[in-house]
Amino acid sequence: MNNKYLDQIIHDLKNPLSSILGLSDLLDKKCSATDQTSKEIIRRIHHHAIFSLKLVNDLLDLEFLNRKNFSIEKQPTDIEELAEKTINNHLLLAADRNIAIAKRIHKNFRLYLDSLRMEQILNNLLNNAIKYSPPGSKVVLHTDDYNGFFYFKITDNGPGLKKEDQIRIFEPFTKINHSSEEQCEGSGLGLSIVKKLVELMHGELFVESEENHGATFIIKLKMEAVE
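Residue 59 in the numbering used here is what sits at position 39 of the sequence shown, and the numbering runs on without skipping anything.
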């Protein structure tokens with residue numbers, strides 16, 4: 021299908037999905053607290069609408085990133101502030117799952133980065149780390165620098181990845197089967213979008229993992245420190 025028409029279809033899906041989300045919220049507020057059957061139906065409608073809207077947004081992101089005129093907008097970025105903002109974005113989710121988030125900043129640099137896109141990257145990786153980690157565990161956002169490169173690393177205590185899945189996981193629409201139904205949910209586009217963004221920054225994204233021993237996702241960028 022022509023990309024022009026695909027783009028239009030994706031955009032046209034956003035409005036009805038947003039309406040479904042709004043209406044399901046309204047129904048939930050008006051529904052009697054004692055009517056648990058109706059509340060469960062509304063909850064499922066809301067859940068599937070959120071999933072569908074995220075899929076649409078991911079498709080839009082992927083299509084946008086593949087355009088020739090897409091550009092990275094670098095600006096001086098405080099690494100400590102970026103890490104703190106990313107963690108704050110996930111405090112409620114982590115608390116709901118009884119997961120601690122730790123921050124280990126090797127040195128507080130100011131680097132030339134596209135701060136909005138880097139926040140998008142870190143948000144995706146941290147969200148995944150929380151989703152895949154068991155209750156009572158910890159995820160860590162840490163940084164490092166050596167040999168002229170700067171590293172963001174996010175470590176979880178999840179099920180880990182088989183060797184053959186550690187490259188495949190970055191391919192579009194790839195889902196790795198895990199025991200939890202919730203963990204299997206998703207468009208399979210998030211990590212491919214993250215990888216594309218990192219590559220547009222002339223960086224590398226890879227994972228270090230052993231099955232049943234968690235995973236560490238690593239972003240490697242050329243050091244461009246602000247003087």
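Cβ atoms here follow ideal geometry from the backbone N, Cα and C, with glycine treated the same way.
None of the values given here were measured: they were computed from a predicted structure.
Buried/exposed call for residue i, threshold 16 Cβ in 10 Å
i    : result
H67  : exposed
F193 : exposed
P179 : buried
F84  : exposed
S135 : buried
T18  : Residue 18 is absent from the model: the chain starts at 21 and stops at 247.
Y166 : exposed
T54  : exposed
S39  : exposed
K127 : exposed
N232 : exposed
N118 : exposed
C204 : Unreliable placement is indicated for C204, whose pLDDT of 49 sits below 50; the coordinate value is still reported in the next sentence. The residue is exposed, with fewer than 16 neighbouring Cβ atoms inside 10 Å.
F90  : exposed
K148 : First, the residue type needs correcting, since residue 148 is Asn and not Lys in the sequence shown. So N148 ends up on the buried side.
L112 : exposed
Residue nearest to residue i in terms of C-alpha spacing, selected from the options
i    : options                   : result
L161 : L142, R64 and P154        : L142
F129 : S157, G168, A114 and F237 : G168
K74  : L41, A122, D45 and G223   : L41
F190 : L46, P179, V218 and D48   : V218
G210 : L79, S153, K49 and G178   : L79
A235 : S58, P154 and L112        : P154
N86  : E244, I213 and D45        : I213
H110 : E139, D81, L146 and K127  : L146
P96  : E104, N77, C51 and Y132   : Y132
Q140 : V76, I107 and L43         : I107
M221 : L46, I92 and E244         : I92
F226 : R137, G208 and K173       : K173
D45  : K182, I65, Q56 and F71    : I65
N144 : A115, F170, N118 and A103 : A103
K123 : A115, D116 and E101       : E101
G156 : K94, K49, A115 and I62    : A115
D164 : G208, V76 and K242        : K242
A245 : F170, S52 and K182        : F170
Inter-residue CB distance, residue i and residue j (contact presumed, cutoff 8 Å)
i    : j    : result
A99  : I125 : One detail in the question is off: residue 99 reads as Ile in this sequence, not Ala. At roughly 6 Å, the Cβ-Cβ gap stays under 8 Å, so I99 and I125 are in contact.
E224 : K240 : 4 Å
I187 : V159 : About 23 Å separates the two Cβ atoms, so there is no contact after all.
L37  : A69  : 6 Å
E247 : I238 : Between I238 and E247 the Cβ distance is about 26 Å, and since that is not below 8 Å, they are no contact.
I62  : D48  : 5 Å
Three-state secondary structure (DSSP) of residue i
i    : result
L75  : helix
P96  : strand
I119 : coil
I239 : strand
H126 : coil
T163 : strand
S38  : helix
E231 : coil
F226 : strand
Where are the alpha helix (DSSP H) runs, 4 residues long or more, that stay fully inside the stretch 165-220, in chain order?
Every alpha helix (DSSP H) of 4 residues or more that sits fully in the stretch 165-220 is shown, in chain order, as 185-188, 201-204 and 210-220.
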